[in-house]
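Engineer:
There are 2 protein chains.
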Amino acid sequence: MNPTDNSPLTLAEAKAQFVHTWGVSGASWGVSKTLAQVHALLLVSAVALSTEDLMEQLKISRGNASMTVRELLDWGLIYKELRPGERREYFVAEKDMLQVTRCIIRARKRRELDQMKRSLDQLAALPGDPANAEYRAFHSALTDIQQLATVSDKLLNRLMHAEKSWFWDKFIKLFM
Amino acid sequence: MNPTDNSPLTLAEAKAQFVHTWGVSGASWGVSKTLAQVHALLLVSAVALSTEDLMEQLKISRGNASMTVRELLDWGLIYKELRPGERREYFVAEKDMLQVTRCIIRARKRRELDQMKRSLDQLAALPGDPANAEYRAFHSALTDIQQLATVSDKLLNRLMHAEKSWFWDKFIKLFM
DNA sequence: CACAATTTTCAATAATTATTGAAAATTGTG
DNA sequence: CACAATTTTCAATAATTATTGAAAATTGTG
Numbered sequence: 001m002n003p004t005d006n007s008p009l010t011l012a013e014a015k016a017q018f019v020h021t022w023g024v025s026g027a028s029w030g031v032s033k034t035l036a037q038v039h040a041l042l043l044v045s046a047v048a049l050s051t052e053d054l055m056e057q058l059k060i061s062r063g064n065a066s067m068t069v070r071e072l073l074d075w076g077l078i079y080k081e082l083r084p085g086e087r088r089e090y091f092v093a094e095k096d097m098l099q100v101t102r103c104i105i106r107a108r109k110r111r112e113l114d115q116m117k118r119s120l121d122q123l124a125a126l127p128g129d130p131a132n133a134e135y136r137a138f139h140s141a142l143t144d145i146q147q148l149a150t151v152s153d154k155l156l157n158r159l160m161h162a163e164k165s166w167f168w169d170k171f172i173k174l175f176m
Numbered sequence: 001m002n003p004t005d006n007s008p009l010t011l012a013e014a015k016a017q018f019v020h021t022w023g024v025s026g027a028s029w030g031v032s033k034t035l036a037q038v039h040a041l042l043l044v045s046a047v048a049l050s051t052e053d054l055m056e057q058l059k060i061s062r063g064n065a066s067m068t069v070r071e072l073l074d075w076g077l078i079y080k081e082l083r084p085g086e087r088r089e090y091f092v093a094e095k096d097m098l099q100v101t102r103c104i105i106r107a108r109k110r111r112e113l114d115q116m117k118r119s120l121d122q123l124a125a126l127p128g129d130p131a132n133a134e135y136r137a138f139h140s141a142l143t144d145i146q147q148l149a150t151v152s153d154k155l156l157n158r159l160m161h162a163e164k165s166w167f168w169d170k171f172i173k174l175f176m
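Protein chains in written order, with this note's numbering: chain A, 1 to 176; chain B, 1 to 176.
#1: Is it the case that the Cβ atoms of D121 of chain A and M97 of chain B are separated by a distance below 8 Å?
#2: Among A:V19, A:L77, A:A149, A:E71, which one has its Cα closest to the Cα of R102 of chain A?
#3: Using a threshold of 8 Å, state whether the C-beta atoms of E86 of chain B and S28 of chain A are closer than that.
#4: Measuring straight from C-alpha to C-alpha, what distance separates V31 of chain A and R108 of chain A?
#5: Is any heavy atom of the ligand SAH found at a distance shorter than 7 Å from the C-beta of S140 of chain B?
#6: Using a cut-off of 9 Å between C-beta atoms, extract the partners of F138 of chain B located in chain A.
#7: Check the Cβ of M97 of chain A against every Cβ in chain B and list those closer than 9 Å, keeping chain order.
#8: Report the residue ranges of all beta strand (DSSP E) runs contained in full by the segment 43 to 126 of chain A; include only those spanning at least 3 residues, in chain order.
#9: If you reduce the DSSP assignment to three classes, tell me which class V31 of chain A lands in.
#10: The alpha helix (DSSP H) with E134 of chain A in it runs from where to where?
#11: Does the beta-carbon of V47 of chain B have 16 or more other beta-carbons within 10 angstroms, so that it is buried, or is it exposed?
#12: Going by Cα to Cα distance, which pick from B:I104, B:L126, B:A93 is closest to H161 of chain B?
#13: Counting Cβ pairs closer than 8 Å, one from the segment 18 to 25 of chain B and one from the segment 34 to 49 of chain B, do we hit at least three?
#14: Would DSSP call L9 of chain A helix, strand or coil?
#15: Is the Cβ of T51 of chain B closer than 8 Å to any Cβ of chain A?
#16: Mind checking the segment 82 to 110 of chain A against chain B and listing, in chain order, the residues whose C-beta falls within less than 9 Å of any C-beta there?
#17: Can you tell me whether G23 of chain B is helix, strand or coil according to DSSP?
#18: Comparing C-alpha positions only, which one of B:L11, B:A125, B:A12, B:T34 sits nearest to W22 of chain B?
#19: Step through the CB atoms of chain A and report whether any lies within less than 8 Å of the CB of Y79 of chain B.
#20: Would you say L58 of chain A faces chain B, with C-beta separation under 8 Å as the test?
#21: Exposed or buried, which one is G26 of chain A when buried takes at least 16 other CB atoms within 10 Å?
#22: Could you tell me whether the segment 48 to 57 of chain A touches the segment 86 to 95 of chain A, where touching means 3 or more Cβ pairs closer than 8 Å?
#23: Less than 6 Å between C-beta atoms, sequence neighbours within five positions excluded: which residues of the same chain meet that for K164 of chain A?
#24: I need the straight-line Cα distance from A125 of chain B to T150 of chain B, nearest angstrom please.
#25: Please report whether the beta-carbon of W75 of chain B lies at a distance below 8 Å from any beta-carbon of chain A.
#26: Beta carbons nearer than 7 Å to chain A: which residues of the segment 152 to 166 of chain B have them?
#27: Does S61 of chain A get closer than 8 Å to chain B when you measure Cβ to Cβ?
#28: Under the rule that 16 or more other beta-carbon atoms within 10 Å means buried, what is S140 of chain B, buried or exposed?
#29: Enumerate in chain order the residues of its own chain whose CB-to-CB distance from G128 of chain B is below 6 Å, with the five nearest sequence positions on each side excluded.
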């Protein structure tokens, strides 16, 4: 069955393990397991895969495959590959990991951080009596969190818009 | 009822809104809503709170409060405050947001990134035929992901062990 | 060590989230 | 425009995760 049976894993097994691990990781970061697994499968695939392929390889339903693929397109993590004369759509993953990082940062920043900042701005503006210890504690916690949010925001913006060379240069030099 | 009724929100309402927002954010990052809410409540509280206080203010059960508090202690995000002559335990949050960031990075890195790196190392070592396009695609995706994981790991280590002044200095100067 | 105060555990249940799959919609082609 | 291929939608259901609450365990004190 396996032409290199003395090797610990076949390529298919290794891919399956990667898909599994990526799925578990995704799940613990609030991403659906299927989304992460479809992404993983496309990341390590040499060829574009159709919805049919995904359904078969991950044993998921047509509906699930369709919705998951659409969401990954939204994130910008995969692309459609249209083949002339074929109705069926194929998908390939963005393989450049800096680009992948950017897509994830952009999506999550917009959904979480930007919304959080809006809420913080509103709450930090709350007027109150500075002689009231409860008020002082609230206000000071809020401005600290705001400051962190602001710095994180700027940092993430920089990362998102960084040139590839800038990113690796600055970061590797600074941190390694 | 509210002594400053012309103000848009009372302090209690503002706290409640913060607790709610923090809870929603936590939930979308794979943390239980209750965990995030207990953390939020303690972050903006001027005084230490008991399990009883948490149960009452967040309307959660004793069991839930107990488990959540224990998990936050594990993360290092809150501390016990023992009062002489009292059996009951009180809790205060770590208020320094750099410290909070460190705790979160440390916990998540250990749980997710370190485990992912172990899996990647194993899979990237898979021998195979370089003439096989499927194998080449798999191997190259894996080494790219490994490189990202390694750089992320070093970056996070730096952040985790950074002095407060170093962190703000370097980062604010670099990114603002 | 008995007791009361408090915390922890964990099986049962509730709440939430993910998934299915059939029906409807869309798309391209003769 | 009819038809077949394919995708999308979404109500129903399954699977997962969070929460409860009562019983057991722990802790400190007389």
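Even for Gly, the Cβ is constructed at its ideal location relative to N, Cα and C.
Structural biologist: According to the structure shown:
#1: On the first sequence, residue 121 of chain A is found 121 positions in, with the first residue counted as 1. On the second sequence, residue 97 of chain B is found 97 positions in, with the first residue counted as 1. No; because the gap between Cβ atoms is not below 8 Å, this pair is not in contact.
#2: Residue 102 of chain A sits at position 102 when you count from the first residue of the first sequence. Among A:V19, A:L77, A:A149, A:E71, the Cα nearest to that of R102 of chain A is on A:L77.
#3: Here residue 86 of chain B corresponds to residue number 86 of the second sequence, with the count starting at 1. Here residue 28 of chain A corresponds to residue number 28 of the first sequence, with the count starting at 1. Contact: no.
#4: Position 31 of the first sequence, counting from 1, holds the residue named residue 31 of chain A. Position 108 of the first sequence, counting from 1, holds the residue named residue 108 of chain A. Taking the straight line from one Cα to the other gives about 11 Å.
#5: Of ligands this structure carries none, so the ligand SAH is not represented either.
#6: Position 138 of the second sequence, counted from the first residue, corresponds to residue 138 of chain B. Under the 9 Å cutoff, chain A gives L11, A14, K15, F18, V44, S45, A46.
#7: Your numbering for residue 97 of chain A matches position 97 in the first sequence. Those within 9 Å of M97 of chain A in chain B are A141, D144, I145, Q147, L148.
#8: 78 to 82, 89 to 93
#9: The residue you call residue 31 of chain A lines up with position 31 of the first sequence. Coil.
#10: As a first step, residue 134 of chain A is located in the first sequence; it is residue number 134 there, counting from the start. Per DSSP, E134 of chain A belongs to the alpha helix (DSSP H) from 133 to 161.
#11: To locate residue 47 of chain B, count along the second sequence from 1; it is residue 47. Around the beta carbon of V47 of chain B, fewer than 16 other beta carbons lie within 10 angstroms, which makes this residue exposed.
#12: On the second sequence, position 161 is the one that residue 161 of chain B refers to. Comparing Cα positions, the closest option is B:I104.
#13: yes
#14: In the first sequence, counting from the first residue as 1, residue 9 of chain A sits at position 9. In the structure shown, L9 of chain A sits in coil (DSSP, three-state: anything other than H, G, I, E or B).
#15: Here residue 51 of chain B refers to the residue found at position 51 of the second sequence. Output row for T51 of chain B: interface = no.
#16: A93, K95, D96, M97, L98, V100, T101, R108
#17: For the purposes of this step, residue 23 of chain B is taken as the residue at position 23 of the second sequence. Helix, per DSSP.
#18: For the purposes of this step, residue 22 of chain B is taken as residue 22 along the second sequence, with counting starting at 1. For W22 of chain B, the nearest C-alpha among the options comes from B:T34.
#19: Taking the second sequence and counting its residues from 1, the one referred to as residue 79 of chain B is at position 79. Not one chain A Cβ lies under 8 Å of Y79 of chain B.
#20: Indexing the first sequence from 1 puts residue 58 of chain A at position 58. With 8 Å as the cut-off, L58 of chain A does not count as an interface residue toward chain B.
#21: Indexing the first sequence from 1 puts residue 26 of chain A at position 26. Buried, since its Cβ has 16 or more Cβ neighbours within 10 Å.
#22: yes
#23: One-based indexing of the first sequence puts residue 164 of chain A at position 164. Excluding positions up to five away in sequence, the list reads L98.
#24: For the purposes of this step, residue 125 of chain B is identified with residue 125 of the second sequence, where counting begins at 1. For the purposes of this step, residue 150 of chain B is identified with residue 150 of the second sequence, where counting begins at 1. Near 16 Å, if we compare the C-alpha coordinates of T150 of chain B and A125 of chain B.
#25: Residue numbering aside, residue 75 of chain B sits at position 75 when the second sequence is read from its first letter. Not an interface residue.
#26: K154, L155, R158
#27: Residue 61 of chain A sits at position 61 when you count from the first residue of the first sequence. Chain B contact via Cβ: absent.
#28: Residue numbering aside, residue 140 of chain B sits at position 140 when the second sequence is read from its first letter. Under this definition S140 of chain B is an exposed residue.
#29: Here residue 128 of chain B corresponds to residue number 128 of the second sequence, with the count starting at 1. Once the five neighbours on either side are set aside, the close Cβ partners of G128 of chain B are Y135.
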